Structure formats: C-alpha cells, structure tokens
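In our numbering, the protein residues as written are -4 to 151.
Where a beta carbon is used, it is the ideal one built from N, C-alpha and C, also for glycine.
Small disclaimer: the values here were computed from a predicted structure and weren't measured.
Below is one structure, written out as structure tokens; the observations come after it.
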C-alpha cells in the first residue's frame, strides 16, 4: 500500500507540474506573440494533439496490462507507434495546405509541416514510458516529464 501511495504522489506531482508549466508557457507565449500569431499557435496545438491521442496512448495500454509480456510485444508496439506517426505525419504533410485554406491562415502550412515532426518523438518515447509505468517507476517517469516540461517551455 505504501508504494501505491508514493506512486499516486509522484503521478499527481507530475500532472500538476505539467499543467502549471503548460499554463505558464501559454501565458509567456501569449505575451510574446501577436494575437494573429497566437491563433496560429493554437491551430498547431489542435492539429498536433489529435494524432497523439490515437497513436501512443492506446498502444501503451497493451504493454502495461499484458501479463506475459515478451520482447516481441514491445517491438510490435514500437513499430506500430512509428507507423502511426508516419501515417499522421504524411496526412498532415498532404493536408496542410487544405487546413490553411480552411482556416484562412496561409502561414499554417509551413508550421504544420515542420511541427508534425514532433509526432515521431512521441512514437519513440511510447514504449519506454509504458515499460516504466508497467514497473511502477513513477518517480523516474516524473523526472523525465519534468525535464520535458522544462525543455518544452524553453523551446516552445
């Protein structure tokens, strides 16, 4: 029970820190960008979050819940994650001009095409994150998440 309590604390800490860093980052970006550029930033977030939900999250559950996990399972999820990322990357590359026309935001084309590379980062980290979660190494997950929040806030 004690390890479950610690795990809950680490997960809660990570989630709250993620929300806080996201909010601070959003406020800073909003202050630095013009309203039009901030709108483009919002469109980017919307378009790039949708593939993340479909690609990594559902596949991770297989690695976490499977009782007899083998290397082949991890390899399959890794390859599937990369295939999903490549599929959504291709869809975004092809549909970027149409999305820009739909929302009447011409600069969105180039931004979408460059930012869609982020999908591969999610695919590459999916299996290690799922294995850490499977082994209840939430402290390590939190450390990696915090590093990601810091880098994301600086780069974003």
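In the three-state scheme derived from DSSP, where H, G and I count as helix and E and B as strand, residue 96 is classed as helix.
Apart from sequence neighbours up to five positions away, the residues of its chain that approach residue 140 with a beta-carbon distance below 6 angstroms are 9, ordered along the chain. In this structure, the beta-carbon distance from residue 94 to residue 107 falls below 9 angstroms.
Scanning the region 11 to 70 from its first residue to its last, the whole alpha helix (DSSP H) runs of 4-plus residues come out as 30 to 47 and 53 to 60. Distance from the Cα of residue 61 is smallest, within the candidate group 137, 47, 90 and 125, for 125.
Boundaries for residue 112: no alpha helix (DSSP H) harbours it, and the DSSP string shows neither H nor E there. When rounded, the separation of the alpha-carbon atoms in residue 144 and residue -2 is 25 angstroms. Taking C-beta atoms as the reference points, residue 7 and residue 55 fail to come closer than 9 angstroms. In this structure, 137 is the residue among 149, 146 and 137 with its C-alpha nearest to the C-alpha of residue 11. Shown here, residue 132 sits in coil according to DSSP, grouped into three states, outside any helix or strand.
Residues 104, 107 and 108 of the same chain have their beta carbon placed closer than 6 angstroms to that of residue 91, with the five preceding and five following residues left out of the count.
Residue 86 counts as exposed, since fewer than 16 other C-beta atoms from the protein chains shown sit within 10 angstroms of its C-beta. For the 9 angstroms CB-CB criterion, residue 100 and residue 35 form a contact. Within the same chain, and ignoring the five residues on either side of residue 111 in sequence, the residues whose Cβ sits closer than 6 angstroms to its Cβ are 84 and 87.
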